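Residue numbers (this note's numbering): 439 to 884.
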Amino acid sequence: MLFDDPVFASRLLTLLTLSFHIIYATIGVGVPLMIMIAQWVGIKKNDMHYMLMARRWAKGFVVTVAVGVVTGTAIGLQLSLLWPNFMELAGNIIALPLFMEVFAFFFEAIFLGIYLYTWDRFDNPRKHLLLLIPVALGGGMSAVFITIVNAFMNAPAGFDIMNGQLVNANPIAAMFTAAMPTKVSHVLATAYMTVAFMLAAIAAFRLLKGSKHEYHKKALFMTMKIGLIFSIATVLIGDLSGKYLAEYQPEKLAAAEWHFETEEAAPLILYGMLDENQEVNYALQIPFGLSILAHGYPNAEVIGLDQFPAEEQPPLIIHYYFDLMVTIGMFMLALSFVYWVGAKRGWSFVKTAWYRSLIVLGGPLSFLGIEAGWWMAEVGRQPWILRGIMTVDQAATSSDYVGHMFILFVGLYFVLGVGTVVVLRRMFKNDPIEKALAKQQGGDSE
Numbered sequence: 439m440l441f442d443d444p445v446f447a448s449r450l451l452t453l454l455t456l457s458f459h460i461i462y463a464t465i466g467v468g469v470p471l472m473i474m475i476a477q478w479v480g481i482k483k484n485d486m487h488y489m490l491m492a493r494r495w496a497k498g499f500v501v502t503v504a505v506g507v508v509t510g511t512a513i514g515l516q517l518s519l520l521w522p523n524f525m526e527l528a529g530n531i532i533a534l535p536l537f538m539e540v541f542a543f544f545f546e547a548i549f550l551g552i553y554l555y556t557w558d559r560f561d562n563p564r565k566h567l568l569l570l571i572p573v574a575l576g577g578g579m580s581a582v583f584i585t586i587v588n589a590f591m592n593a594p595a596g597f598d599i600m601n602g603q604l605v606n607a608n609p610i611a612a613m614f615t616a617a618m619p620t621k622v623s624h625v626l627a628t629a630y631m632t633v634a635f636m637l638a639a640i641a642a643f644r645l646l647k648g649s650k651h652e653y654h655k656k657a658l659f660m661t662m663k664i665g666l667i668f669s670i671a672t673v674l675i676g677d678l679s680g681k682y683l684a685e686y687q688p689e690k691l692a693a694a695e696w697h698f699e700t701e702e703a704a705p706l707i708l709y710g711m712l713d714e715n716q717e718v719n720y721a722l723q724i725p726f727g728l729s730i731l732a733h734g735y736p737n738a739e740v741i742g743l744d745q746f747p748a749e750e751q752p753p754l755i756i757h758y759y760f761d762l763m764v765t766i767g768m769f770m771l772a773l774s775f776v777y778w779v780g781a782k783r784g785w786s787f788v789k790t791a792w793y794r795s796l797i798v799l800g801g802p803l804s805f806l807g808i809e810a811g812w813w814m815a816e817v818g819r820q821p822w823i824l825r826g827i828m829t830v831d832q833a834a835t836s837s838d839y840v841g842h843m844f845i846l847f848v849g850l851y852f853v854l855g856v857g858t859v860v861v862l863r864r865m866f867k868n869d870p871i872e873k874a875l876a877k878q879q880g881g882d883s884e
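As structure tokens, this is what we get:
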């Protein structure tokens, strides 16, 4: 099918590109805020360790930004090459947020360069800290604008349809659709949460490897605390997202919850398996849970898949993506909460090897949760590329060479992924904490 079906190949290549790019996009959004917090704490406490965190994180961040440029460019190219009919239909509307996303990225990159090259050139470190504000804003706004495009695809608005064409376009109205608030806030909160847990996993890994340096202990406590804050925010925004789906995309919510028949007091179904009669077996059911998630009270009626024709129902596999996302999110919330309370109260088990191993595991798990969330969002919009207006089949290219492009991009992403790991590993292996701290103290004494 890869070489015979251009629609299937286009979907597969888009899945590959988005799944790879979201790793670097998440880092691009989250790391600038972590750098800014670390440097602010370092200035406030006059603590060299936090200042070093900011410096080292910024150093590694540059590598991921460079790779993110490549993967982001690939997405832009593939929008036109793989989905030409969609771009012909909606390109004049989504052009504004796409342009603003590029502008936000360059805004971030320019100030990041200035920040890096002026580290030791300010007598007052607070002035240097100010350079991180546009870096963090640029990273966040880049995510906002590209998510606005995705929100438009889920809840198109800001135009009229005449003779199969989108006319009387209002790009501003198209940017502020019903899907925009929950989508944008959820993307930002999960990015900050995931990056915090990624940095916590790195610190916990170094401690597990035998390092007793105070730098890693401080990094672990600070990032777990930040991760806890944003994981709570993610849960609250996730609740609002469920209510948005119930109102505007009920078919996606129904498919994600295997909710086949419209009913009141609907239970929330987690895990389980479907038999050939679409009966749910081995599932964990939370009574009234879906009604509460969808409408806020236990006896509310929740629309089921029976209200939609079969050809407009999303694939039922998104149930597992939803479960995976929720399970990882709740696990990380509990893990960070117990760690924070334990660190405050002096519980010794949060410093044990097994608990730190869970924190290390939490790093890749958080990225898997991000991936599962995007798979649920994108696959759950099927069969539409522009909900209610254009299907994926109608939008795709008819080229016979998409399968060959897929093979080439697999090779490219493999090289970029391995290259990122190798460069970062060598960068920090050749500049361990003790050496970097001594160098910074020496520079400050001068």
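All residues carry an ideal CB built from backbone N, CA and C; glycine is no exception. In this text, all values refer to a predicted model and were calculated from it rather than measured experimentally.
query                                                                                                                        : result
Gln603: first and last residue of the uninterrupted beta strand (DSSP E) it sits in                                          : 603-605
Alpha-carbon to alpha-carbon, Tyr777 and Asn601                                                                              : 59 Å
The stretch 520-533 in contact with the stretch 826-833 per 3-pair CB rule at 8 Å                                            : yes
Straight-line Cα distance separating Leu534 from Ala833                                                                      : 20 Å
The stretch 641-650 in contact with the stretch 704-717 per 3-pair CB rule at 8 Å                                            : no
Residues that DSSP places opposite Trp822 in a beta bridge                                                                   : Thr829
Tyr656 burial status per 10 Å Cβ neighbour count (16 or more: buried)                                                        : A quick correction: the sequence has Lys, not Tyr, at residue 656. Lys656 comes out buried.
The beta strand (DSSP E) enclosing Leu712, as first and last residue numbers                                                 : 706-712
Segment contact flag, the stretch 486-505 with the stretch 460-472, C-beta cutoff 8 Å, min 3 pairs                           : yes
Beta-carbon contacts of Glu884 that lie in its chain and below 7 Å, excluding the five residues immediately before and after : Reliability fails at Glu884, whose pLDDT of 42 lies under 50, so the model's placement of it is uncertain and no value is given.
Min CB distance Val505 to chain D below 8 Å                                                                                  : Included in the structure is just one protein chain, with no chain D present.
Buried or exposed (CB count within 10 angstroms, at least 16 for buried), Arg449                                             : buried
Per DSSP, cross-strand counterpart(s) of Glu739                                                                              : Glu702
Which of helix, strand or coil DSSP assigns to Asp442                                                                        : coil
DSSP three-state assignment for Ser883, whether helix, strand or coil                                                        : Low confidence applies here, because Ser883 scores a pLDDT of 43, under 50, leaving its location unreliable and the question unanswered by this model.
Nearest-angstrom Cα separation, counted from Phe775 out to Leu846                                                            : 43 Å
Exposed unless 16 or more other CB atoms sit within 10 angstroms - verdict on Val582                                         : buried
Identity of the residue in Ser837, Val861, Gly811 nearest Leu453 by Cα                                                       : Gly811
Buried versus exposed, by CB contacts within 10 Å (16 or more), Ala642                                                       : buried
DSSP state of Ala476 mapped onto helix, strand, coil                                                                         : helix
Residue burial classification, Asn868 (beta-carbon count within 10 angstroms, cutoff 16)                                     : exposed
Span separating the alpha-carbon of Ile756 from that of Ala607                                                               : 32 Å
Span separating the alpha-carbon of Ser795 from that of Phe852                                                               : 27 Å
Helix, strand or coil at Ile724 [DSSP, three-state]                                                                          : strand
For Val848 and Ile461, the rounded distance between their alpha carbons                                                      : 15 Å
Contact set for Met843: own chain, Cβ-Cβ below 7 Å, skip 5 residues either direction                                         : Leu451
6 Å CB neighbourhood of Leu658 in its chain, flanking five on each side removed                                              : Ala638, Ala641, Ala642
Boundaries (first-last residue) of the beta strand (DSSP E) holding Ile586                                                   : No beta strand (DSSP E) holds Ile586; the alpha helix (DSSP H) holding it covers 570-592.
N-terminal and C-terminal residue of the alpha helix (DSSP H) that Ile664 is part of                                         : 652-686
Asn592 burial status per 10 Å Cβ neighbour count (16 or more: buried)                                                        : buried
For Asn530, three-class secondary structure by DSSP                                                                          : helix
Buried versus exposed call for Phe668 [16 or more other C-beta atoms within 10 Å across all chains shown]                    : buried
Nearest-angstrom Cα separation, counted from Gly841 out to Asp443                                                            : 8 Å
Leu454 (DSSP reduced to helix, strand or coil)                                                                               : helix
Start-to-end residues for the alpha helix (DSSP H) that takes in Asp761                                                      : 756-783
Option nearest Gly577 by Cα separation, candidates Ala463, Lys681, Met662, Val605                                            : Ala463
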